[in-house]
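Student: First to last, the sequence lines map onto chains R and C.
The first sequence runs 44 to 154 under this note's numbering.
The second sequence runs -19 to 94 under this note's numbering.
Got a structure here, written out as structure tokens. Questions coming.
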Amino acid sequence: AQSVTQLDSQVPVFEEAPVELRCNYSSSVSVYLFWYVQYPNQGLQLLLKYLSGSTLVKGINGFEAEFNKSQTSFHLRKPSVHISDTAEYFCAATGTYKYIFGTGTRLKVLA
Amino acid sequence: GAGVSQSPSNKVTEKGKDVELRCDPISGHTALYWYRQSLGQGLEFLIYFQGNSAPDKSGLPSDRFSAERTGGSVSTLTIQRTQQEDSAVYLCASSSDPGGSEQYFGPGTRLTVT
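Put into structure tokens, the structure is as follows:
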């Protein structure tokens, strides 16, 4: 069975500092991996996705993630965060059609 | 183009009443999904439609929950005899790829059962 683990429930970081949000997955089949962002009272917005090919994936708003098959990880990174990046971030995996989500990481960017 | 839309955006209902939540997927998307987002449970899959058929209803939490899709487009999620634990945000997503390689999410319906 698939599962997705986001190790950090909250991550505080100062503005312009780098950030890494961690995501590990388990699956016996090939997976597609995603990061979504959710701003308060809004729906999910896709940041980036890994389907195949290059393991370094670049997304919107300056985010990137690296698929590491040996470590079953798909960590999200941004070299310099802004106040506007404050939101909840969800990692998701699918090997079939339904997404399995992690429990989310709340990123709080401090001035 | 238009994204996934859901209505109503907010719904407050009394315990025991029935509610209907609507999802309009992106035009041409054959796959449609319902998820629920609640405190303590995170985001959980409810049901998947391919066309008008629902090959996977495994996530529906009880027989009070049902969903249908007509014309390969609009879907309705119905909750009968609502309970307080049904309070959550219900999210709909659609995809042009039945394999789910990318799902587009609607803004959700926030359901509050009093």
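By construction, the Cβ of each residue, glycine as well, lies at the ideal position given by its N, Cα and C atoms.
Return no unless some Cβ of chain R is closer than 9 Å to the Cβ of Asp36 of chain C.
Tutor: Yes - at least one Cβ of chain R is within 9 Å of the one on Asp36 of chain C.
Student: Given this structure, state the Cα-to-Cα distance separating Glu109 of chain R from Leu64 of chain R, to the nearest angstrom.
Tutor: Rounded to whole angstroms, Glu109 of chain R to Leu64 of chain R spans 11 Å at the Cα level.
Student: Does the distance from the CB of Gly86 of chain C to the CB of Val(-16) of chain C come in under 9 Å?
Tutor: The answer is yes: Cβ separation under 9 Å.
Student: Say whether chain C places a C-beta atom closer than 9 Å to the C-beta of Thr148 of chain R.
Tutor: It does not; no Cβ of chain C falls within 9 Å.
Student: Less than 9 Å between CB atoms is the rule here; does Gly96 of chain R satisfy it with respect to chain C?
Tutor: It does not; no Cβ of chain C falls within 9 Å.
Student: Chain R beta carbons: is any one of them nearer than 9 Å to that of Leu40 of chain C?
Tutor: So, not an interface residue.
Student: Let me know the secondary structure DSSP gives Ser127 of chain R once reduced to three states.
Tutor: Helix, per DSSP.
Student: Find out if the Cβ-Cβ distance for the pair Ser81 of chain C, Ser74 of chain C is shorter than 9 Å.
Tutor: Not closer than 9 Å, so no.
Student: Mind checking if Gly102 of chain R is an interface residue toward chain C, Cβ cutoff 9 Å exclusive?
Tutor: Closer than 9 Å: no.
Student: Taking Ser81 of chain C as the query, report the chain R residues whose CB atoms sit under 7 Å from its CB, ordered along the chain.
Tutor: Here the neighbours are Tyr75 and Leu94.
Student: Since Leu76 of chain R is in the beta strand (DSSP E), which residue starts that stretch and which ends it?
Tutor: First-last of the beta strand (DSSP E) with Leu76 of chain R: Tyr75 to Gln81.
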